[in-house]
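What follows is a short report on a single structure.
Protein chains: 4
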Amino acid sequence: MSRKTELRRKQIIKAAYQAVSDKGYETVTLQDIANYADVSKGVPNYYFQNKEDVLAHLLEEITERIYQKEKAAVENETSFQEMLQAYINAVFVNPEDNEKFYKVYLDFLAQATRNERYRKINARFYQNCFSISQLIIMRGESEGLLHSMNYDDDGKAMRSLIDGYMIQWLMTGDHQKHRTYKESCLKAIQTYLTS
Amino acid sequence: MSRKTELRRKQIIKAAYQAVSDKGYETVTLQDIANYADVSKGVPNYYFQNKEDVLAHLLEEITERIYQKEKAAVENETSFQEMLQAYINAVFVNPEDNEKFYKVYLDFLAQATRNERYRKINARFYQNCFSISQLIIMRGESEGLLHSMNYDDDGKAMRSLIDGYMIQWLMTGDHQKHRTYKESCLKAIQTYLTS
Amino acid sequence: MSRKTELRRKQIIKAAYQAVSDKGYETVTLQDIANYADVSKGVPNYYFQNKEDVLAHLLEEITERIYQKEKAAVENETSFQEMLQAYINAVFVNPEDNEKFYKVYLDFLAQATRNERYRKINARFYQNCFSISQLIIMRGESEGLLHSMNYDDDGKAMRSLIDGYMIQWLMTGDHQKHRTYKESCLKAIQTYLTS
Amino acid sequence: MSRKTELRRKQIIKAAYQAVSDKGYETVTLQDIANYADVSKGVPNYYFQNKEDVLAHLLEEITERIYQKEKAAVENETSFQEMLQAYINAVFVNPEDNEKFYKVYLDFLAQATRNERYRKINARFYQNCFSISQLIIMRGESEGLLHSMNYDDDGKAMRSLIDGYMIQWLMTGDHQKHRTYKESCLKAIQTYLTS
DNA sequence: CATGAATGAGCTTTCATTCAT
DNA sequence: TATGAATGAAAGCTCATTCAT
């Protein structure tokens with residue numbers, strides 16, 4: 001794939017991200033995506049097989065990017081508490097970005113129940129998230145602050161608390177409450193881990 | 001509304017439940033719903049204002065029914081442990097029903113980010129779920145097994161763990177794993193509450 | 001046809017008149033007509049063959065009634081001037097009634113271009129109108145005020161001036177202008193006849 | 001708008017003209033229009049906002065074209081009699097064209113009673129027609145053949161006679177009678193003007 | 001007689017996709 | 001490469017008509 005092609009695809013995926021966030025997975029049209037990307041109607045179909053292909057690449061892109069960011073944030077810290085805080089900071093980054101991401105991510109989760117391709121992409125994302133959790137938990141253990149029975153279970157629990165709190169926050173539709181849900185989520189994870 | 005009308009509406013909503021579960025919120029057509037209900041194309045439109053109206057009633061119906069079942073299950077028990085177990089039993093009732101419900105529920109959550117009506121229905125559902133959690137927690141407190149700092153926070157955490165585990169299970173696409181996720185979820189809640 | 005049937009049909013036609021005036025010939029539904037008549041949806045179909053049959057009877061009814069009224073008004077007078085004035089008074093009776101009638105009548109004229117049945121009903125109406133014109137003109141001749149070359153031509157001209165002015169007035173959408181158009185129409189007819 | 005787009009729109013409007021004339025304003029479908037234009041179903045919606053938009057452009061187009069033709073015909077003549085005759089020739093051009101135009105025009109008049117947009121287009125058409133009448137009348141005055149009290153009133157009367165005779169002719173459904181109605185109309189206008 | 005539930009044809013409109021330019 | 005005109009499938013919705021009650 002040429003450099004130019006690469007760029008075009010990125011441009012379209014970025015536009016698709018904004019478009020899906022604004023209009024919703026099923027409601028968004030290729031025309032919308034083209035408009036957001038400031039290209040003509042035919043371009044998305046030229047650089048991707050079809051609409052679903054654009055959206056699958058979007059899901060891959062955003063889950064991978066989120067993972068890289070969170071991983072980097074956590075790896076930058078040394079103590080358990082700092083790592084956990086850094087993780088939560090990276091997850092609950094700010095109301096605007098979180099709303100954008102979780103609107104789209106929820107759309108994809110809903111689709112994934114009936115779409116193998118999306119389910120696979122999400123499975124990889126889950127694995128990546130679990131690996132971050134494990135990093136934090138292992139550090140907590142080495143500091144003697146906690147004792148995990150099962151990294152996998154704890155990863156699932158942490159993922160549940162993060163997704164669950166984020167969805168509940170999203171449903172309030174209130175950006176002001178972002179800080180509160182973030183703090184509650186952190187506290188819940190701490191409570192769970194250091195029991 | 002006459003008794004017969006009532007029945008017809010129930011029938012259509014039931015058909016819509018199966019149809020949405022099979023095809024997805026946006027993909028399902030009124031024709032699908034009519035087919036599943038074994039009635040003609042015009043009937044859903046006769047008994048409801050439009051497609052969205054059918055689906056909003058579906059969301060109301062399923063969230064209310066789930067709540068009533070879970071509440072009844074919990075109220076039937078006396079000890080904290082039994083109540084919690086009964087709750088989890090009612091939530092993780094069996095792979096088939098859980099898949100059906102959560103496929104549809106996830107669809108609605110995804111829609112709710114852009115639809116006030118759905119968001120309101122979901123807010124009521126959340127409140128109802130929180131009230132069940134509170135019932136269980138208060139019993140745990142009276143038994144001296146735990147000490148809640150904040151019923152609201154604990155309700156959110158329990159909801160997060162339940163939704164989170166259920167979504168993760170759904171994403172495996174594996175009915176066999178239902179039992180494992182159920183047990184993990186129960187353990188996570190216990191860990192969280194009795195810390 | 002029984003007395004009751006007769007009444008029901010009148011009731012439906014009256015409702016249809018109002019309904020068509022409000023909604024338009026093609027836009028009006030049998031449900032509308034039933035609503036206006038305060039009967040159930042099935043009634044119009046019970047008393048008439050189908051929708052077109054209702055509307056054809058409506059056209060017959062309103063053209064016949066208008067003719068009878070105008071004829072009576074003219075026959076009540078003795079001089080040419082009084083007869084003409086009475087005719088115009090009966091035609092331009094008031095803004096509300098004229099709007100109602102001409103909205104519906106225009107709808108039927110438009111339909112009549114493609115509907116033999118309506119065209120026939122309108123042909124009878126024209127004949128009736130011409131007979132009124134003839135009555136007036138003959139009186140004018142016997143008073144020595146005018147000299148018709150051809151009753152038929154003059155009838156057509158009078159009909160043209162009445163329909164034309166009425167349509168132009170209707171297009172203004174202004175009830176205030178009713179009086180002006182009425183006077184202009186009268187003057188135009190006088191000018192035409194007494195040339 | 002590109003030249004090609006312009007042409008396509010003209011093509012669709014022309015097809016719509018024939019289609020409406022054949023089937024009627026409300027009865028005609030976008031499919032009909034597409035068929036008459038020998039394009040696919042989606043094309044009319046591609047070039048116009050919706051069905052009403054197509055039809056409004058049609059009304060604008062045909063009223064403007066008729067006006068331009070009539071104006072040109074009148075301006076080509078020098079004497080009052082010639083101008084009037086040219087006008088009537090341009091109005092009563094031939095049975096086929098007149099039937100086509102007046103079928104459609106009557107449809108629009110009927111719609112206009114409930115549609116502001118159409119009413120405005122027709123109001124402009126009326127103004128244009130009045131301006132032609134004025135041209136003729138002023139010439140008649142300068143030749144000393146007649147004396148108008150009020151250009152506006154005379155314009156309305158001429159319009160009434162033209163529309164009225166045309167409608168009456170249309171209702172006969174008889175192309176043979178076209179010549180007779182044309183002559184009668186001309187005579188009626190002459191009688192009216194030179195009284 | 002009267003009701004209104006039910007049917008299904010038929011409409012407008014949207015939009016992914018194709019393809020000539 | 002890029003465009004956007006064109007296609008036509010498929011959707012939601014309306015409503016005349018039928019008919020069991």
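Protein chains in written order, with the UniProt record's numbering: chain A, 1 to 195; chain B, 1 to 195; chain C, 1 to 195; chain D, 1 to 195.
The beta carbon of each residue, even a glycine, is placed where N, CA and C say it ideally should be.
Does residue i get closer than 8 Å to chain A when you measure Cβ to Cβ?
i	result
Leu-59/B	no
Asp-163/B	yes
Ile-167/B	yes
Leu-145/B	no
Ser-131/B	no
Glu-141/B	no
Thr-191/B	yes
Lys-156/B	yes
Thr-63/B	no
residue 200/B	The first residue shown for chain B is 1 and the last is 195, placing residue 200/B beyond what the model contains.
Leu-109/B	yes
Answer with yes or no whether the minimum CB distance from residue i to chain D is below 8 Å.
i	result
Tyr-67/C	no
Leu-135/C	no
Tyr-87/C	no
Arg-119/C	yes
Arg-179/C	no
Ala-56/C	no
Tyr-47/C	no
Using CA coordinates, which residue listed in the options is at the minimum distance from residue i?
i	options	result
Ser-142/A	Ser-79/A, Asn-50/A, Ile-13/A and Arg-8/A	Ser-79/A
Glu-61/D	Ser-160/D, Ala-123/D, Ser-2/D and Ile-13/D	Ile-13/D
Arg-159/A	Gly-144/A, Ser-131/A and Lys-100/A	Ser-131/A
Asp-22/C	Gln-68/C, Gln-11/C, Tyr-36/C and Arg-9/C	Tyr-36/C
Arg-114/B	Thr-63/A, Ile-33/A and Thr-172/A	Thr-172/A
Lys-182/A	Asp-152/A, Thr-27/A, Ala-90/A and Pro-44/A	Ala-90/A
Ala-112/A	Glu-26/A, Lys-4/A and Glu-6/A	Glu-26/A
Leu-145/D	Asp-163/D, Glu-99/D and Leu-193/D	Leu-193/D
Ile-137/C	Gln-11/C, Arg-3/C, Leu-84/C and Lys-10/C	Leu-84/C
Leu-135/A	Lys-41/A, Ala-110/A and Tyr-87/A	Tyr-87/A
His-147/C	Thr-191/D, Tyr-102/D, Gln-81/D and Asp-153/D	Thr-191/D
Asn-98/B	Glu-82/B, Lys-10/B, Arg-8/B and Asp-174/B	Asp-174/B
residue 197/A	Tyr-47/A, Thr-63/A, Gln-31/A and Gln-18/A	The displayed coordinates of chain A run from 1 to 195. Any statement about residue 197/A would go beyond what the structure contains.
Taking residue i as part of the alpha helix (DSSP H), name the residues at either end of that continuous run.
i	result
Gly-164/A	151-172
Glu-61/C	51-75
Thr-191/B	178-193
Ser-21/B	3-23
Lys-120/A	116-142
Glu-82/D	80-91
Gly-42/A	42-47
Val-39/A	Segment: none, Val-39/A is in no alpha helix (DSSP H) and carries neither H nor E.
Leu-146/D	No alpha helix (DSSP H) contains Leu-146/D, which DSSP labels as neither H nor E.
Asn-98/A	95-112
Under 8 Å, Cβ to Cβ, is there at least one residue of chain B near residue i?
i	result
Leu-170/A	yes
Ala-37/A	no
Gly-42/A	no
Chain C beta carbons: is any one of them nearer than 8 Å to that of residue i?
i	result
Asp-32/D	no
Asp-174/D	no
Thr-29/D	no
Ala-188/D	yes
Glu-26/D	yes
residue 218/D	Examination of residue 218/D is not possible in this model, given that chain D is present from 1 through 195 alone.
Arg-159/D	yes
Between residue i and residue j, how many whole angstroms is the CB-CB distance? I'm expecting something under 8 Å.
i	j	result
Phe-125/A	Tyr-67/A	6 Å
Lys-156/A	Tyr-165/B	7 Å
Ala-123/C	Leu-161/C	Contact flag wrong, Cβ pair sits at about 19 Å.
Ala-110/C	Ala-110/D	4 Å
Ile-167/B	Tyr-102/B	7 Å
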